[in-house]
Structure formats: structure tokens, C-alpha cells
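A.B. asks: Quick one: this structure, given as C-alpha cells, is what I'll be asking you about.
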Amino acid sequence: VEETYVMIKPDGVQRGLVGEIISRFERKGFRLTGLKLFQCPTELAEEHYKDLQSKPFFPKLIKYITSGPVVCMAWEGVGVVASARKLIGSTNPLQAEPGTIRGDLAVQTGRNVVHGSDSPENGQREIALWFKEGELCQWTPAQAPWLWE
Ligand code: GTP
Ligand code: MG
Numbered sequence: 096v097e098e099t100y101v102m103i104k105p106d107g108v109q110r111g112l113v114g115e116i117i118s119r120f121e122r123k124g125f126r127l128t129g130l131k132l133f134q135c136p137t138e139l140a141e142e143h144y145k146d147l148q149s150k151p152f153f154p155k156l157i158k159y160i161t162s163g164p165v166v167c168m169a170w171e172g173v174g175v176v177a178s179a180r181k182l183i184g185s186t187n188p189l190q191a192e193p194g195t196i197r198g199d200l201a202v203q204t205g206r207n208v209v210h211g212s213d214s215p216e217n218g219q220r221e222i223a224l225w226f227k228e229g230e231l232c233q234w235t236p237a238q239a240p241w242l243w244e
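Okay, structure coming up:
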């Protein structure tokens, strides 16, 4: 089944938005399979965002992501990658629709509070990068028959 890596960035943690952001995914009806508060080392941030290495904002991005703890999450479900991106909203929060996390809670691209994998392949890659095997948990929510037919 499809999995995505969602991360509350340091601004989301510092601004006290952790519960609010987790709630949106929880209420949507995906299954949480991994969750931790984590201080990201520089090398991991660089590996995670390696596709953006050549961008002028790359050093700022690495500094931002490593500037304080992040909340790492793995979410599972049919269509979860695209759906999580919709819940998160556009990269630039000023262009993100109201009702999305970035649309409701942020104003700048460089402080856009949350990350979501952009493809199922990257979902797999990023979960493997941020979590160790024993940190992930498969379980059946009590609500399962009311969420999934
Ligand atoms: P992520 O979910 O974090 O990967 O964001 P995204 O997929 O919406 O955007 P993208 O992967 O293109 O960029 C990754 C992150 O780099 C963005 O979320 C921003 O935090 C940061 N970023 C992207 N473009 C810019 C920019 O022009 N300026 C600055 N300061 N940061 C940027
Ligand atoms: Mg991205």
C-alpha cells in the first residue's frame, strides 16, 4: 500500500502547530505508521533535499531544516501521496488555497511549516531515510471499517 513521508518543519514545531497539523492527517483518515520528534543532522537534510542541491536557496533550506527539531511522520493509504500534497497546499503559502495547511498557517516559501513526499517512490525513499525499521508500526485502527469499505 502507498506510503508518504510528512514532516513538520522547525517553524511548525516552534510555533506550536504540531497538534493542529497531525490532526489534519488523522481526521482525513490515513493510517499513521511512524512518528517522532527529531533534531535533523546536516547530512540527512542534504540527502533528503539532494535534488535541490544546485538551487541558490539550498544553503538556506538546509539551515532552516536543521534549525530545530522536526516531527517525522509516515502515513499510509490508497492515494496518500497526492492527497497529503493537497492537504499541505502549494509550496508558496501565499498561493496555497485556504483550507490547506500552508494556505491557513504560513506566509513564506522559506517558512512553509510542512513537507510531503512528491511521489510514491520518494515516499518510500524518504521513509527509509528518516526512520529505522523498528520505529515503524503496523496496526489496525479501531475505526477501520468506518473509514475503508
Ligand atoms: P517540500 O514538501 O518541503 O519538498 O516542498 P515542495 O515539494 O512544495 O517544494 P520543493 O520540493 O520544490 O522545495 C522544497 C522546499 O525548499 C520548499 O518547501 C521550501 O521550504 C524550500 N524552497 C523551495 N523554493 C524556495 C525558494 O525559492 N526560496 C526559499 N527560501 N526556499 C525555497
Ligand atoms: Mg518537494
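According to full-length UniProt numbering, the sequence shown holds residues 96 to 244 in order.
Beta carbons: idealized from backbone N, C-alpha and C, even for Gly.
The model shown is predicted, which means the values in this text are computed figures rather than measured ones.
Quick check: what's the CA-CA separation for VAL101 versus PRO151?
C.D. replies: Here residue 101 refers to the residue found at position 6 when the sequence shown is read from its first residue. Here residue 151 refers to the residue found at position 56 when the sequence shown is read from its first residue. For VAL101 and PRO151, the distance between alpha carbons rounds to 24 Å.
A.B. asks: Quick one: grab the DSSP three-state call for TYR159.
C.D. replies: Counting from 1 along the sequence shown, the entry for residue 159 is found at position 64. In the structure shown, TYR159 sits in a helix (DSSP, three-state: H, G or I).
A.B. asks: Leaving out five residues before and five after VAL108 in sequence, what residues of the same chain have Cβ atoms less than 8 Å from its Cβ?
C.D. replies: Here the question's residue 108 lines up with position 13 in the sequence shown. Once the five neighbours on either side are set aside, the close Cβ partners of VAL108 are LEU132, GLY163, PRO164, VAL165 and VAL166.
A.B. asks: Run the CB neighbour count on LEU189, radius 10 Å, all protein chains shown included, and call it buried at 16 or more, exposed below.
C.D. replies: In the sequence shown, the residue the question calls residue 189 occupies position 94. With fewer than 16 other Cβ atoms within 10 Å, it is exposed.
A.B. asks: State yes or no: is the C-beta of PRO236 within less than 7 Å of the C-beta of VAL176?
C.D. replies: Numbered from its first residue, the sequence shown carries residue 236 at position 141. Numbered from its first residue, the sequence shown carries residue 176 at position 81. It is not a contact, given that the beta carbons lie outside the stated cut-off.
A.B. asks: Where does PHE226 fall in DSSP's three states?
C.D. replies: Here residue 226 corresponds to residue number 131 of the sequence shown, with the count starting at 1. DSSP places PHE226 in coil when its eight states are reduced to three.
A.B. asks: Within the continuous alpha helix (DSSP H) that includes LEU127, where are the two ends?
C.D. replies: As a first step, residue 127 is located in the sequence shown; it is residue number 32 there, counting from the start. Here LEU127 belongs to no alpha helix (DSSP H); instead the beta strand (DSSP E) covers 126-133.
A.B. asks: Say the cut is 6 Å; is the CB of PHE152 nearer than that to a heavy atom of the ligand GTP?
C.D. replies: By 1-based counting over the sequence shown, the position of residue 152 is 57. Yes, since a heavy atom of the ligand GTP falls inside the 6 Å radius drawn around the Cβ of PHE152.
A.B. asks: GLY174: buried (16+ other C-beta within 10 angstroms of its C-beta) or exposed?
C.D. replies: Here residue 174 corresponds to residue number 79 of the sequence shown, with the count starting at 1. The residue is exposed, with fewer than 16 neighbouring Cβ atoms inside 10 Å.
A.B. asks: What is the residue span of the beta strand (DSSP E) that GLU98 lies within?
C.D. replies: The residue you call residue 98 lines up with position 3 of the sequence shown. Note, GLU98: beta strand (DSSP E), 98-103.
A.B. asks: Is TRP170 helix, strand or coil when you go by DSSP?
C.D. replies: The residue given as residue 170 occupies position 75 in the sequence shown. Residue state, collapsed to three classes: strand.
A.B. asks: Starting from GLY114, follow the alpha helix (DSSP H) in both directions and report where the run begins and ends.
C.D. replies: Against the sequence shown, residue 114 aligns to sequence position 19. 113-123 is the extent of the alpha helix (DSSP H) around GLY114.
A.B. asks: Counting Cβ pairs closer than 8 Å, one from the segment 179-198 and one from the segment 223-241, do we hit at least three?
C.D. replies: No, the segment 179-198 is not in contact with the segment 223-241.
A.B. asks: To the nearest angstrom, how far is it from the Cα of LYS155 to the Cα of GLU115?
C.D. replies: Reading the sequence shown from its first residue, position 60 is the one you call residue 155. Reading the sequence shown from its first residue, position 20 is the one you call residue 115. Spanning the two alpha carbons is a distance of roughly 26 Å.
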